[in-house]
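Chains as they are written, first to last, in full-length UniProt numbering: chain A, 1 to 158; chain B, 1 to 158; chain C, 1 to 158; chain D, 1 to 158; chain E, 1 to 158; chain F, 1 to 158.
Take a look at the structure set out below.
The structure is reproduced here in structure tokens:
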């Protein structure tokens, strides 16, 4: 059975010792979406084209959210980041907004949590900006798409 | 068509003027879940019973996350909060963890975003603590369950 | 000679006691500008019209900056805010960007510093986004335009 | 025409990828000033000599502000800093306070924004501490004096 | 046996519901000290008189630390504060520095933790500034001296 | 007489220039305790065994507090951290809780302040969680136990 690394042998939570790990180039990509009514999505699409840029605000919130990861997730290591980018795209089939975040660092730990936090913060911001129109929106499918770098190597979601 | 209150008539994002609203008692409840493999859930359940309290750490992260809402969501009003509570329960049917957050304030704006941010931060923390065991977990179904107080009155999710 | 209220009689800095003040509706408006070459301003105007919204990013940074005021200015009281709005307008006569911020609260102290911090953060963000094109830009004329509310009453800059 | 690096080809804001850059020793120096009435400046000079150290408080605020740069400026990279120093000097010719900030790092991006943010935060703090005496003070001339290090090399303001 | 209010009946940590409490004027005073060698204290006293104001820096850190209380102490309610003041005095009998903090609010919960956090942050800052001279300093006797206001009424330490 | 490195020759506080120091592996261990009545300690011990995990909450607060060190202590350098661990143990002889924190980094400055801040934040959190039972608790004996790495080498408290 795998061991949960965030606990020491006595069961106490700790920030794992990564001082023995070599710094390496690392990248993580995460995704998620906000599902909404077709009418709500229309407001986003119209606003982005004309005025009231919901996606631009949420993209910025996601970038800034990535930088808060170590303040939000108790056992995350504070890191410098070398890239944060988000893509937010309306998807009429959901209907809703698909969000993807890519984060890079050169360090001793991975940036999975930074990518997931970026997606999560952007999704919450989409909700905030549209909640006057629809309170029933749902944030769905936040997950890690891929990671590269570090000892555990590459991971790709199926 | 509903107007998006976070934009002024010219389309510029702003923090809405709530100075004309009377302070009132407000509450919001939000939920969400982390879906995982049955083996991963077993690690949580065993750890909580014995040592390595994943749910206790995530609960605390959710409470502290609620207090960061106005720093994370660009157009949220900074608020004092009078209650934050989270419930995290293993659900073998998911399989995974169900998370519910209740937030109260007495103020001029609602606490929907605080409740959703609490759920979201707790879910990310569950992911962080279990990712050594399973990278394929998904955060699903984050949504507002109910809100009370304020001019728009009560909302209950269907 | 006026007394500097941020120091006690012995000269020690302190956060002034406002507990005896009645809460009242307060508003402050501040302004400032970023002066740049005509070619740099053209980049902003083109980008805003088409893609690469410098002013939208800076506006959001200003709103979020207002919320950080009490964390940045040592003797500022932490406050709830009921409105933050920024206007950023290209001015070919500077040439550059004119920034105005309006902040409201209902509380025991004024929001001059919040309005000035919003302008300042937006100006720094304009600099950051354009510095690849011109490092010689200058932030000029940050000042309080007006304040209302509180015992000291209304102030209007000449 | 120079390209604005903070936007990707589609015009979306992002935190630029610096992972390909070699870490190098970097330094930036910025300046600015707070212009005030001669009587207000006299309060500062008297206070610093005797009691009520306006410049000492503002210096500290500037140092701490530099450390908040990545939280305030949306697309700034989080950095470790190896030096932050501020000089605040009364200048009877303004009349007012001249502020200079020097910041160093060894990393993949420059520290221009950290130096400018330090100056800006110190200037706002000077305003805060003196506003009981004079509301009409202005923050003027915030600009980059020089930068060293990195691929773009040395810059000196004219 | 008294009940620990920060846990619900099932033992889960939560931020206590204070929404039923009436806002009232509240004050808390806390104290603590940093014990050091006589030679180290001499450095502080000489520096304060001439140059290198250890106590001024620590006083400011304590004021700013009080404002971070709800971010540091997981179950503390976020509050507005109406006064924060610190007194730091050399005491040759310790030998060392005695620190006292007074905090006021008008709200639904007390400010004991804000006063204790102010003392604690000021004491850590004294240590930081003097550690080049003496690493063996100790922070001692941090405790609540008195509190007023709220349903539980007045408390005075013996 | 030792020089206080946090002041420049003119007596102005600054963040020391460490850019000339080679990065090296560094570790610091600090300790402290919360002294309380025997009855209060019994509440902790019972709660940890059954429900209401005071020590688990305080441990997490200490880990998160270590990450806030550079935001709290004005002249501390912002750092990445490679390990943070806390041990909290009931000690019937105090009676009270003994707290030890171990922090590691690989960088240009030591992590003494991070270890001391972790202990201090955990101690304040213990106080917060138990203050409904006993307001007279005291935080005592916060000190550096040892440090390793850097030019000044190893330090061990007597």
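Beta carbons: idealized from backbone N, C-alpha and C, even for Gly.
Check your understanding: Quick one: which chain E residues come within Cβ less than 7 angstroms of residue 69 (chain B)?
Key -> Those within 7 angstroms of residue 69 (chain B) in chain E number zero; the least Cβ separation is about 10 angstroms.
Point to revise | Limits of the alpha helix (DSSP H) - the one that residue 112 (chain F) falls within | key: 112-130
Point to revise | Identity of the residues DSSP links to residue 76 (chain C) by a beta bridge | key: DSSP lists no partner for residue 76 (chain C).
Point to revise | Among D:28, D:41, D:68, D:115, nearest to residue 126 (chain D) - alpha-carbon criterion | key: D:41
**Study point:** Residue ranges of each beta strand (DSSP E) within the segment 13-78 of chain B, 3 or longer
**Key:** 24-35
Review point. Opposite residue 83 (chain B) in the DSSP bridges: which residues?
Key: B:104
Exercise for review: Under the assumption that residue 72 (chain F) contacts residue 32 (chain E) (Cβ atoms under 8 angstroms), give the Cβ distance between them as a whole number of angstroms.
Suggested key: Their Cβ separation, rounded to whole angstroms, is 15 angstroms, which puts residue 72 (chain F) and residue 32 (chain E) out of contact at 8 angstroms.
Review point. Whose C-alpha, out of D:38, D:102, D:115, is nearest the C-alpha of residue 70 (chain D)?
Key: D:115
Practice item. Check each candidate in D:155, D:92, D:56 and name the one with the smallest Cα separation from residue 132 (chain C). Key: D:155
Review point. Do you know offhand how far residue 129 (chain D)'s Cα is from residue 77 (chain C)'s?
Key: 13 angstroms
Practice item. Determine the extent of the beta strand (DSSP E) in which residue 143 (chain D) is found, giving its start and end residues. Key: 138-148
Point to revise | Neighbourhood of residue 49 (chain B) by C-beta, 7 angstroms cutoff - its chain only, sequence neighbours within 5 removed | key: Residue confidence is low: residue 49 (chain B) scores 48 on pLDDT, short of 50, so the model does not pin down where it sits. Its coordinate-derived value is still stated next. Closer than 7 angstroms at the Cβ level, and outside the excluded window around residue 49 (chain B), lies no residue.
Exercise for review: Using a cut-off of 8 angstroms between C-beta atoms, extract the partners of residue 63 (chain A) located in chain D.
Suggested key: 13, 14, 15, 74, 75
Exercise for review: Please name the residue or residues paired with residue 96 (chain D) in a DSSP beta bridge.
Suggested key: D:35, D:91
Check your understanding: Quick one: what does DSSP say residue 156 (chain A) is sitting in, helix, strand or coil?
Key -> strand
Exercise for review: Look at the alpha carbon of residue 17 (chain D) and the alpha carbon of residue 28 (chain A), and state the distance between them as a whole number of angstroms.
Suggested key: 13 angstroms
Review point. Residue 56 (chain D) CB to nearest chain E CB: under 7 angstroms?
Key: yes
Exercise for review: Using alpha carbons as the reference points, say which of A:43, A:118, A:22 lies closest to residue 103 (chain A).
Suggested key: A:118
Check your understanding: If we ignore side chains and look at the alpha-carbon of each, how far apart do residue 148 (chain C) and residue 136 (chain D) end up?
Key -> 15 angstroms
Exercise for review: Measure the C-alpha to C-alpha separation of residue 96 (chain E) and residue 144 (chain F) and round it to an integer number of angstroms.
Suggested key: 17 angstroms
Exercise for review: Can you grab the Cα-Cα spacing for the pair residue 54 (chain A) / residue 5 (chain B), in whole Å?
Suggested key: 11 angstroms
Check your understanding: Hey, how far is the Cα of residue 123 (chain B) from the Cα of residue 62 (chain A)?
Key -> 17 angstroms
Practice item. Say whether chain D places a C-beta atom closer than 7 angstroms to the C-beta of residue 124 (chain A). Key: no
Review point. Can you list, in chain order, the residues of the segment 99-132 of chain C whose Cβ is nearer than 7 angstroms to any Cβ on chain B?
Key: 104, 106
Review point. From the beta carbon of residue 141 (chain D), is the nearest beta carbon of chain C less than 7 angstroms away?
Key: yes
Point to revise | Closer than 8 angstroms at the beta carbon, the chain D residues around residue 80 (chain C) | key: Chain D residues near residue 80 (chain C): none, gap ~19 angstroms exceeds 8 angstroms.
Practice item. Measure the CB-CB distance between residue 134 (chain E) and residue 36 (chain E) and report whether it falls below 7 angstroms. Key: yes
**Study point:** Residues that residue 83 (chain B) contacts on chain E, provided the C-beta gap is smaller than 9 angstroms
**Key:** 14, 15, 16, 17, 18, 19, 77
Exercise for review: Within its chain, find whatever has a CB closer than 8 angstroms to the CB of residue 151 (chain C); leave out the 5 residues flanking it on each side and keep chain order.
Suggested key: 21
Check your understanding: Interface residues of chain D around residue 158 (chain A) at Cβ under 8 angstroms?
Key -> Correct list: empty, because the minimum Cβ distance to chain D is about 27 angstroms.
Exercise for review: Measure the C-alpha to C-alpha separation of residue 86 (chain C) and residue 88 (chain E) and round it to an integer number of angstroms.
Suggested key: 41 angstroms
Check your understanding: Once you ignore the five residues that flank residue 82 (chain C) on each side, which residues in its own chain have a CB closer than 7 angstroms to its CB?
Key -> 104, 105, 106
Point to revise | Length of the line joining the Cα atoms of residue 138 (chain B) and residue 113 (chain A) | key: 13 angstroms
Point to revise | Within-7 angstroms CB hit, residue 135 (chain F) to chain E | key: yes
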